[in-house]
Amino acid sequence: MTFRGGIDKPENLARTGGGGGGRIAVGGGVGTLLLVGLFLLMGGDPSQLGGLIGSDTQQQPQQQSAPGELEHCKTSDDANRYADCRVEFTGISLNQVWNAQLPRQADIPYTKPNLVVFNAQTSTGCGVASSATGPFYCPADHTAYFDVSFFDSLERYGGQNAPFAQEYIVAHEFGHHIQSLEGTLGLSDYNDPGPDSMAVKIELQADCYAGIWGHFADKGEDAFLEPITQSQVEQAIDAARAVGDDNIQQRAGRDVNPESFTHGTSKQRQEAFLQGYRTGSMASCDYLDRNAYS
Ligand SMILES: [Zn+2]
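Number 285 in my numbering belongs to position 229 of the sequence shown; there are no gaps in the numbering.
This is the structure in C-alpha cells:
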C-alpha cells in the first residue's frame, strides 16, 4: 500500500489539458504501426522497436483508450488495489507536486500532461503504440502512455513488479513532460546514442525528476502517499536498475555496448533517482548544465 486511504479522485486534478480525459484526436495516416518522430521510452534500445512492433502497414482494429476507461478508479483505495488506478492516482500526485515545484524551482508555470492507460495498442500523436513499446511520453500530444502489462516485464529484467516501482515509472514519464515544458526535451536524440549523449542526459534527468516527486509526494497535509518506506525506495531503485542499458543488453544476450546507450547504466539510473529523491532539487538534476534553477 502506498496511497493514503479514503481519498476520492479529485476531478479537477484528474482531468488533464485538452479536455476529454485521455482521448486522443487521431490524424490521418492510419495504418502505420511504427512510432514516428520524437518519443521518449522507459528503457532499452529504440532501434529494436521496429522488430517488436512490426512494420505491418495493414490497417488493424485499434483499441483506443476512451474517456471513462478508468471509471472504476474512484478512490485511493482503488489505486492501492489496481495497477491502472495506481497509474492514474500517481499522475494526480505528480500534478500536485509539480504544480508547486516547477514554478518555485524553475520559474515555469505547470500545465498537466494527458495520461492514457491502454491495452494492446493505441494511436498516439507519435504513431501507433503497442504493448511492446513500453511506457513512453509523446511530446507531440503532451501525453504519457502506459500499458500496465509492461510492469510484468520488470521481473524479467531483475526488478520487482511492486507498487512504488510502478509509480517510479509513471514519475519518469512525467519527468519528460517537465522537460517538454522546460523546452529541453528536443535535445534528446536516440539516433545519436552513447554514454555521454544528450539522450542519456535527458533520460537520467527524467529519473532524477522522478526522485523529486518521491521527495515531495508524502509530505504535507494533502499528500497522496503514505510516508515512503525504505523498502519502497528499494523498489524504485530496483526498477531503475532493471531498465539500465547495460542490464537490458546483458539480459538480451548481447554484449554491453556503451556506444549504443540511450538511457544510462543501471548504476547511473539508480543514482539519478536517489539524487532527486534525497534533495528534491531540480538544480541537483541539472545534467544539462543550464544553471536555470533556484
Ligand atoms: Zn525516458
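The beta carbon of each residue, even a glycine, is placed where N, CA and C say it ideally should be.
Item	Value
Leaving out five residues on either side along the sequence, give the residues of the same chain with a beta carbon under 7 Å from the beta carbon of G84.	No answer about G84 holds up, because its pLDDT of 34 lies below 50 and its placement is not dependable.
Which residue spans inside the stretch 122 to 164 form an unbroken beta strand (DSSP E) run of at least 3?	none
Taking 7 Å as the cut-off, is the C-beta of E315 nearer than that to any heavy atom in ligand 1?	no
What separation, rounded to the nearest whole angstrom, lies between the Cα atoms of Y349 and I268?	14 Å
Extract the residue ranges of the alpha helix (DSSP H) inside the stretch 216 to 247, only unbroken runs of 4 or more that lie entirely within it.	219 to 238
Let me check understanding here. Comparing Cα to Cα, which of S187, Y193, T167 and D197 lies closest to G181?	D197
What residues are listed by DSSP as bridge partners for D302?	DSSP, once it has assigned bridges, lists no residue as partnering D302.
Within 10 Å of its beta-carbon, does L243 have 16 or more other beta-carbons around it, so buried, or fewer, so exposed?	exposed
Going by the C-beta, is M98 closer than 7 Å to any heavy atom of ligand 1?	yes
Name, in chain order, the residues that DSSP records as bridge partners for V184.	S179
Between L232 and ligand 1, is the CB less than 7 Å from at least one heavy atom?	Reading the sequence as shown, one finds His at residue 232 and not Leu. The answer is yes for H232.
Let me know the secondary structure DSSP gives Y343 once reduced to three states.	coil
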